[in-house]
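So the number in my numbering is just where the residue sits in the sequence shown, counting from 1, plus 232.
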Amino acid sequence: MATQEELLEKLKEGVVEYEEDTVKEASQQWLDEGYVALDGIMDGLAAGMEIVGDLYDKNEYFVPEVLMCADALYGGLAILRPHVPDSDEGVNAQVVIGSIQGDVHDIGKNLVKMMFDVAGWDVHDLGRDVPLENFVEEQLRTDSEVVAMSAMMTTTMLGMKKVIAMIKEKNPNVAIMLGGAPVTKDVANLFGADGYAESAGNAVSEGIKMIGRLREMRAKG
Ligand code: B12
């Protein structure tokens with residue numbers, strides 16, 4: 233019998249120490265104990281990755297360690313993700329998502345994607361390092377109401393401004409949401425985006441709000 237706190241610690245530490253087997257074992261134990269899968273993902277795996285981010289920022293970890301930490305996180309995610317129940321938030325919507333051109337960071341983007349997925353949205357994931365025009369093309373192809381872009385670098389972030397202009401020019405009736413560590417609400421406003429969320433936890437509720445505003449605008453003609 234392990235408590236939630238003990239297992240969360242094990243999940244976090246497993247990610248930080250890049251012990252994929254420990255993470256997988258703790259993830260399975262988490263399920264066996266009947267704890268909520270999403271809590272294990274957010275408060276265990278993602279929280280561990282945040283610590284990894286700090287270690288990287290302090291030059292204690294470098295790229296190889298970080299990649300192994302990411303592998304450990306994904307090992308746990310593969311076990312926990314199938315046990316996150318669909319939450320019907322009553323919105324039938326489509327979202328195009330991807331990490332912007334030049335940016336290979338996709339861990340945060342994948343968590344946001346998962347949140348849209350479990351909320352019942354149709355998610356069109358373009359992956360990472362996505363050429364700017366692909367966002368425009370995929371939005372038109374799928375007629376998605378929302379486009380969600382992730383950037384983790386100040387340099388790549390600038391590409392999002394271009395995509396917003398390109399999309400709005402072709403189709404003004406699209407709600408565009410930005411996210412990623414360097415992105416703030418002010419940046420999102422400055423770039424002309426319609427929404428912003430600082431974490432995967434509130435991406436869906438922000439998406440729902442944006443869709444509400446969009447549908448209202450459309451109804452008014
Ligand atoms: C993991 C990591 C990597 C991994 C990426 C693996 C992968 N598959 O993603 C690897 C090792 C490959 C890597 C490489 C590089 N990295 Co790096 N990396 C990181 C690190 C340590 C952690 C990022 C992470 O995964 N965090 C955990 C997740 C869960 O959090 P998150 O990404 O912030 O996402 C959350 C929110 O931001 C939000 N969110 C994210 N996207 C979106 C999208 C939407 C729509 C919404 C609503 C919300 C949302 O929700 C998420 C969950 O709650 C950060 C350091 C840091 N402190 O962030 C540096 C960091 C991002 N990297 C950095 C750099 C510079 C690089 C390299 C250029 C390094 C190099 N010299 O080679 C390369 C090249 C990358 C490239 N071309 O893209 C810098 C960027 C600096 C800057 N501000 O421009 C950082 C900040 C480190 C630093 N302090 O220097 N990196």
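Glycine included, C-beta positions come from ideal geometry on N, C-alpha and C.
Bear in mind that the values here come from a model prediction, so they are computed numbers and not experimental data.
Practice prompt. State the Cα-Cα distance for the pair residue 297 and residue 273, rounded to the nearest angstrom.
Written response: On the sequence shown, position 65 is the one that residue 297 refers to. On the sequence shown, position 41 is the one that residue 273 refers to. Those two C-alpha atoms are separated by around 20 Å.
Worksheet item: Would you call the segment 348 to 359 and the segment 402 to 411 touching, i.e. three or more CB-CB distances under 8 Å?
Response: no
Worksheet item: Quick one: what does DSSP say residue 259 is sitting in, helix, strand or coil?
Response: Counted from its first residue, the sequence shown places residue 259 at position 27. The answer is helix: DSSP assigns residue 259 an H, G or I state.
Item to complete: Flag residue 273 as yes when its Cβ comes closer than 7 Å to any non-hydrogen atom of the ligand SAM, and as no otherwise.
Response: Ligands present in the displayed structure are limited to the ligand B12, and the ligand SAM is not among them.
Discussion item. So residue 501 and residue 329 are supposed to be a Cβ contact under 8 Å. How far apart are they, rounded?
Written reply: Residue 501 falls outside the range modelled here, since the chain spans only 233 to 453, and no answer is possible.
Worksheet item: At which residue ranges does the segment 331 to 406 contain complete beta strand (DSSP E) runs of 3 or more residues, listed in the order of the chain?
Response: 354 to 357 and 378 to 382
Worksheet entry | Straight-line Cα distance separating residue 233 from residue 379 | Position 147 of the sequence shown, counted from the start, is the residue given in the question as residue 379. Position 1 of the sequence shown, counted from the start, is the residue given in the question as residue 233. One C-alpha to the other measures close to 43 Å.
Worksheet item: Taking Cβ positions, are residue 392 and residue 423 nearer each other than 8 Å?
Response: Residue numbering aside, residue 392 sits at position 160 when the sequence shown is read from its first letter. Residue numbering aside, residue 423 sits at position 191 when the sequence shown is read from its first letter. Result yes, Cβ atoms of residue 392 and residue 423 sit closer than 8 Å.
Discussion item. Between 341, 257 and 302, which has its C-alpha nearest residue 312's C-alpha?
Written reply: Within the sequence shown, the letter at position 80 stands for residue 312. Considering only alpha carbons, the answer is 257.
Fill in: Between the CA atoms of residue 414 and residue 430 - distance to the nearest angstrom
In the sequence shown, counting from the first residue as 1, residue 430 sits at position 198. In the sequence shown, counting from the first residue as 1, residue 414 sits at position 182. One C-alpha to the other measures close to 10 Å.
Fill in: Buried or exposed (CB count within 10 angstroms, at least 16 for buried), residue 401
Against the sequence shown, residue 401 aligns to sequence position 169. Result: exposed.
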